[in-house]
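Asks:
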Amino acid sequence: MTALLSIRNVHKSFGSNDVLRGISLDVPRGSVVAFIGASGSGKSTLLRCLNLLEPIDDGEIILDGTDISAPGFDANVARRDVGLVFQSYNLFPHMNVLRNVTLALTHAAGIAKDEAESTAKELLDRFGLADKARAYPEQLSGGQQQRVAIIRAVALRPSVLLLDEVTAALDPQLVGEVLDLIAELRNSGMTMLMATHEMNFARDVADTVCFLHEGTIHEMGRPDEVLESPREERTKAFLARTMRR
Amino acid sequence: MNSDSSTGPSRATARRAFEERRRRRSIAIATTSTVVFVGLVVLLVPRMPRWDRVKQSFFSGEQFADSFPRLLDAFVLDLKIFAWSVPIILGFGMLVALARVSRNPALFPIRALCVIYVDLMRGVPVLLWIYLIGFGVPGLGLDRPWNSPLLWGTVALCLTYSSYVSEVFRSGIEGVHESQRAAARSLGLTHGQTLRLVVIPQAVRRVIPPLMNDLVSLQKDVALVSLIGPIEILRQAGIDKSKFANFTPYVVAAVIFLCITVPLTRTADWLLARERRRTGGTRIAA
Ligand SMILES: Nc1ncnc2c1ncn2[C@@H]1O[C@H](COP(=O)(O)OP(=O)(O)OP(=O)(O)O)[C@@H](O)[C@H]1O
Ligand SMILES: [Mg+2]
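Here the protein sequences line up with chains A and B, keeping their order. Once you know that position 37 of the first sequence is 65 in the numbering used here, the rest is easy, because the numbers rise by one and skip nothing. Once you know that position 147 of the second sequence is 150 in the numbering used here, the rest is easy, because the numbers rise by one and skip nothing.
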C-alpha cells in the first residue's frame with residue numbers, strides 16, 4: 029500500500045530549540061492519525077510544517093508522490109491541498125460565513141463566484157449550518173465557528189486535512205458537535221492528521237495514534253495498543269497524567 | 004409556587020418605583036442647578052467691567068451679519084483644500100504604511116526612506132513645512148500654475164498629514180493578529196491577497212476613530228495655508244478685522260469652524276466608544 033502522505037525525517041528548530049528531531053510517518057489514503065503528547069512536544073509545529081506555514085529545516089514531505097517541501101515548489105498550491113484548522117478557529121471576523129468559506133475558493137483556487145457559493149452552501153447545508161450563511165463569526169457559538177472553520181478548509185477539497193486541537197478552546201457541551209463533524213468526514217474517506225487531547229475521541233476515530241516526545245514519534249500504533257497498553261515508559265507516564273485530569 | 008408568584012413581581016415593582024423616583028430626583032437636581040447657573044451668568048456677565056467694550060468688540064451683531072456671508076464664501080476654499088487633501092492623504096499614508104510593514108528585501112531602501120520621511124514630517128511643526136514648501140518651491144521661479152503658494156501649501160499639508168496617517172494605518176495593520184494571516188496563508192492565499200482581503204480591511208476598521216481625529220485636526224490646520232497668501236476664511240477674517248477694527252469676524256470664523264469640527268469630533272468619539280465596546284477596550288492605540 030503506497031502512502032498518500034509521506035513524512036520523511038522532518039526536522040524543525042526555532043533558534044536553538046530543536047522542536048522536531050526527525051519525524052517520519054506514512055499516512056495511507058483515508059486513514060486518520062492522532063498526535064498526542066505533552067504541551068510543547070511539537071504537535072502544532074508539525075501540523076504547521078505539513079501545511080508549509082513553517083519552512084522545515086531538513087527532510088521531505090511527499091504528498092501523492094510530489095515533494096511539496098522542495099525549495100521552489102509553490103507553497104500556495106500545496107496549502108490548498110493540505111487543509112489546516114486551528115484551535116482558535118481564526119475565521120475572518122469582517123466577512124460573513126459564506127464569504128469565509130468562498131474566499132479561498134475564488135481567490136486561491138480560481139473558481140467562479142457562483143460555483144464557489146453553491147459549493148459552500150452545499151457544505152453548510154450538509155453540516156447543519158445553512159441558516160448561518162449570512163451571519164458573522166461573532167454571532168456564532170464557538171462550536172459553530174469551529175465547524176465553519178473546518179468547512180472552510182474542506183471546501184477546497186484538500187487531499188489531507190490537519191486539525192490542531194480543534195476542540196480545545198470549546199466549552200465542554202460544544203465539543204460534541206465538532207467531533208461529530210470530524211467523524212462524518214472520516215466516514216466520507218477524508219485523510220486526517222489531528223493533534224488532540226481528547227483521548228476517547230482519538231480511540232474512536234483514529235486508525236493510528238502517535239505519541240510525540242522531545243521532537244520524535246516516541247511510540248505509535250493502533251489506538252487500543254498505544255492508549256490501553258503502551259509499551260514505552262514515557263507514554264505510560266503521559267497517559268497516567270492525562271487520564272487523571 | 005406561591006412564594007415565587009407573590010414576592011417576585013411585587014419586589015420587581017418596588018424596584019422599578021425606586022429607580023423611577025431616583026431618576027426623577029436626578030432630573031430635578033440637574034434642572035435646578037442649570038437654571039441657577041444660567042441665571043448667574045446672565046446676571047453677572049453684563050456687570051463685568053468693560054462688558055460693553057467686550058460686547059462691541061467681539062459680539063457685535065451688525066458686524067456678525069456683515070461678515071458672515073463673506074467668511075462663509077471664503078470658507079469654501081478651506082473645504083476645497085480639505086476635500087482635495089483627504090483622498091491624497093489616505094492613499095499616500097496607506098502606501099507608506101504598507102512599505103513600512105513589508106518584509107520584502109528589495110523594498111529595503113524604500114522602507115528606510117519612509118522611516119526618514121515620517122520622522123522628518125512628524126518632528127517639525129506643520130507651519131514650518133507650509134512656509135518652507137509653500138513659499139520655497141514657488142520661489143524657485145516655476146511657471147504658472149506651478150508657482151502657486153496655494154498648491155504648494157496644500158502639498159505641504161498633505162505631506163505632513165500623510166505621515167501622521169501612515170503611522171495610524173501602520174499600528175492598525177500591526178494590530179491584526181498573526182493568526183489571521185496564518186489562517187489566510189494556510190488556505191493558499193498569497194501574501195498580497197492576505198494583505199488586501201484579510202489584513203487591510205480589519206486594520207482600516209479598527210483605525211477609523213483615530214483617523215477621524217487626524218481629519219479634524221486637518222480641517223483646522225487647512226487655515227494655516229492662509230499664512231502664505233490664499234484668501235480663505237482665516238485671512239478674510241483678518242482683513243475684515245483690520246477694516247472694521249473689530250474682532251467679531253474672528254468669532255464668526257470660529258463659529259463656522261465649530262459647525263464642522265464639533266460634529267466630526269463627536270462622531271469620532273462615538274466610533275471609538277463603539278470600537279472599545281466591541282474589542283473590550285484594549286487594542287486601540289489612538
Ligand atoms: N513561532 C515560534 N517561534 C519560536 N518558538 C516556537 C514557535 N512555535 C512554537 N515554538 C516552540 O516550539 C515548541 C513546540 O510548540 P508546539 O506549539 O508545536 O507544541 P504543542 O505540542 O502544539 O503544544 P500544545 O499542546 O501546548 O499545543 C515550544 O517549545 C514552543 O515554544
Ligand atoms: Mg499546539
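Each residue gets a CB set at the ideal place from its N, CA and C atoms; glycine is no exception.
1. By Cβ distance, which residues of its chain are closer than 6 Å to Phe138/B, with the 5 residues on each side in sequence left out?
2. What distance in whole Å lies between the Cβ atoms of Thr219/A and Arg49/A, which are believed to be in contact at a cut-off of 8 Å?
3. Which residues of the segment 162–195 of chain B have a Cβ closer than 8 Å to any Cβ of chain A? Give them in chain order.
4. Starting from Asn228/A and walking both ways along the alpha helix (DSSP H), at which residues does that stretch end?
5. When you compare the CB of Leu112/A with every CB in chain B, is at least one pair closer than 7 Å?
6. So does Ser146/A have its beta carbon nearer than 6 Å to some heavy atom of ligand 2?
7. So, with DSSP's three-state summary, where would you put His241/A?
8. If you scan the segment 108–155 of chain A from start to end, which runs of the beta strand (DSSP E) of 3 or more residues do you find wholly inside it?
9. State yes or no: is the C-beta of Phe42/A nearer than 6 Å to some heavy atom of ligand 1?
10. Taking the C-alpha atoms as reference points, what is the distance between Val45/B and Pro252/B?
11. For Pro112/B, which residues in the same chain have their Cβ closer than 7 Å to its Cβ, ignoring the five residues on either side in sequence?
12. Report the option in Ile51/A, Asp192/A, Val125/A and Ala161/A whose CA atom is closest to the CA atom of Asp86/A.
13. Just verifying my parser: in three-state terms, what is the DSSP assignment at Met97/B?
14. Counting only beta-carbon atoms, is Arg108/A nearer than 7 Å to chain B?
15. Is His135/A close to chain B? Criterion is C-beta to C-beta, closer than 7 Å.
16. Consult DSSP for Arg36/A and reduce its assignment to one of helix, strand or coil.
17. Using the beta-carbon of each residue, which ones in chain A are nearer than 7 Å to Val201/B?
18. Should the segment 121–141 of chain A be called in touch with the segment 201–210 of chain B, which here means at least 3 C-beta pairs below 8 Å?
19. Taking Cβ positions only, does Ala132/A come closer than 7 Å to chain B?
20. Out of Pro52/B, Ala226/B and Asn150/B, which one is the CA nearest neighbour of Ser160/B?
21. For ligand 2, which residues count as neighbours when the test is a C-beta closer than 7 Å to any heavy atom?
22. Using only the alpha-carbon positions, how far apart do Phe63/A and Thr73/A sit?
23. Ordered along the chain, which non-local residues of its own chain (more than five positions away) have a Cβ less than 6 Å from that of Ser8/B?
24. Regarding Gly68/A and ligand 1, is the C-beta to nearest heavy atom distance less than 6 Å?
25. Relative to ligand 1, is the shortest distance from any of its heavy atoms to the C-beta of Val47/A smaller than 6 Å?
26. Quick one: Cα of Arg277/B to Cα of Ala271/B, how far?
27. Compare the C-alpha of Leu162/B against each of Ile211/B, Gly126/B, Ala187/B and Arg56/B and name the closest.
28. What is the DSSP secondary structure of Leu131/B, reduced to helix, strand or coil?
29. Are there 16 or more other CB atoms within 10 angstroms of the CB of Thr35/B, so buried, or fewer, so exposed?
30. Spell out the partners DSSP gives Ala62/A in its beta bridges.
31. So, for Glu193/A: in the same chain, excluding its five sequence neighbours on each side, which residues have a beta-carbon less than 7 Å away from its beta-carbon?
32. Taking 7 Å as the CB-CB limit, is Gln66/B close to chain A?
33. When the Cα of Val79/B is compared with those of Ala256/B, Trp273/B, Leu274/B and Arg269/B, which residue comes out closest?
34. So, is Met271/A buried or exposed, given that buried needs 16 or more other C-beta atoms within 10 angstroms?
35. With 16 other CB atoms within 10 Å as the buried threshold, where does Glu23/B fall?
36. Output the distance between the C-alpha atoms of Val254/B and Thr193/B, rounded to the nearest integer angstrom.
Replies: Looking at the coordinates:
1. Ile231
2. Wrong, their Cβ atoms sit about 25 Å apart, outside the cutoff.
3. Ser182, Gln183, Ala185, Ala186, Ala187, Arg188, Ser189, Leu190, Gly191, Leu192 and Thr193
4. Met227 to Val233
5. yes
6. no
7. strand
8. 110–113
9. yes
10. 24 Å
11. none
12. Ile51/A
13. helix
14. yes
15. yes
16. strand
17. Phe120
18. yes
19. yes
20. Before going on, a small fix: residue 160/B reads as Leu here, not Ser. Of the candidates Pro52/B, Ala226/B and Asn150/B, the one whose C-alpha sits nearest the C-alpha of Leu160/B is Ala226/B.
21. Lys71/A, Ser72/A, Gln115/A, Asp192/A, Glu193/A and Ala223/A
22. 12 Å
23. For Ser8/B, the pLDDT reaches just 49, beneath the cut-off of 50, and the residue's location in the model is therefore unreliable, although a value from the coordinates is still provided. If we look at Ser8/B and ignore the five residues flanking it on each side, it has no Cβ neighbours.
24. yes
25. yes
26. 10 Å
27. Gly126/B
28. helix
29. exposed
30. Met222/A and Val237/A
31. Gln115, Ala223, Thr224 and His225
32. no
33. Ala256/B
34. exposed
35. exposed
36. 55 Å
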